[in-house]
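Numbering (the UniProt record's numbering), first residue to last: 1 to 195. Cβ atoms here follow ideal geometry from the backbone N, Cα and C, with glycine treated the same way. Note that this is a predicted model, so its numbers are computed, not measured.
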């Protein structure tokens, strides 16, 4: 892709788009997670920690569908396309490579809408040693994992559902190192001045 909205944009313009997109992303994530049955059982402090720690996971689950063919097709609120080139400039090659690796593997699972909806609470309830009440979170994850497996069995033969379920959880494990890289890169994010 050589001609896209933002091809000739400055780092400042792209960064402004990123800054405008983040509050929308966080607001959507919190609203989506609050609608999940059972999350009202999670204490407020733990829920806040989960939102903080699962931001990249939510982004990857929601936007993997626009990370295709080695390119990102996300459009920022200011109309600029957040291409792979800009992603690499903002986050570095290692992180971007892992993002696309996850997206490719996740997209190749060809999950149905109902299955995708059940994955969000499972990922939200990823084990987190910082939580005060991890047992409640584990219980919610177990319930949604069972519901996901049952849903997969509705649309596939049981053996195929079992294989897909196992593949999915292997792919979801890719989010852990991605989160570690993200937390490290965001903490040290320094934009090069190219204007």
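Item                                                                                                                                      : Value
Residue 140, buried or exposed, once every other Cβ within 10 Å from all chains shown has been counted against 16                         : buried
Opening and closing residue of the alpha helix (DSSP H) in which residue 6 lies                                                           : Note, residue 6: premise wrong, no alpha helix (DSSP H); not H, not E.
Beta-bridge pairing of residue 75 - partner residues as DSSP gives them                                                                   : 81
Range of the contiguous alpha helix (DSSP H) that encloses residue 156                                                                    : Neither: residue 156 is in no alpha helix (DSSP H) and is coded neither H nor E.
Beta-carbon contacts of residue 122 that lie in its chain and below 8 angstroms, excluding the five residues immediately before and after : 141, 144, 145, 148 and 172
For residue 68: DSSP bridge partner residues                                                                                              : 71
Own chain, CB closer than 8 angstroms to residue 30, minus 5 neighbours either side, in chain order                                       : 51
Rounded straight-line distance, which links the Cα of residue 94 to that of residue 81                                                    : 21 angstroms
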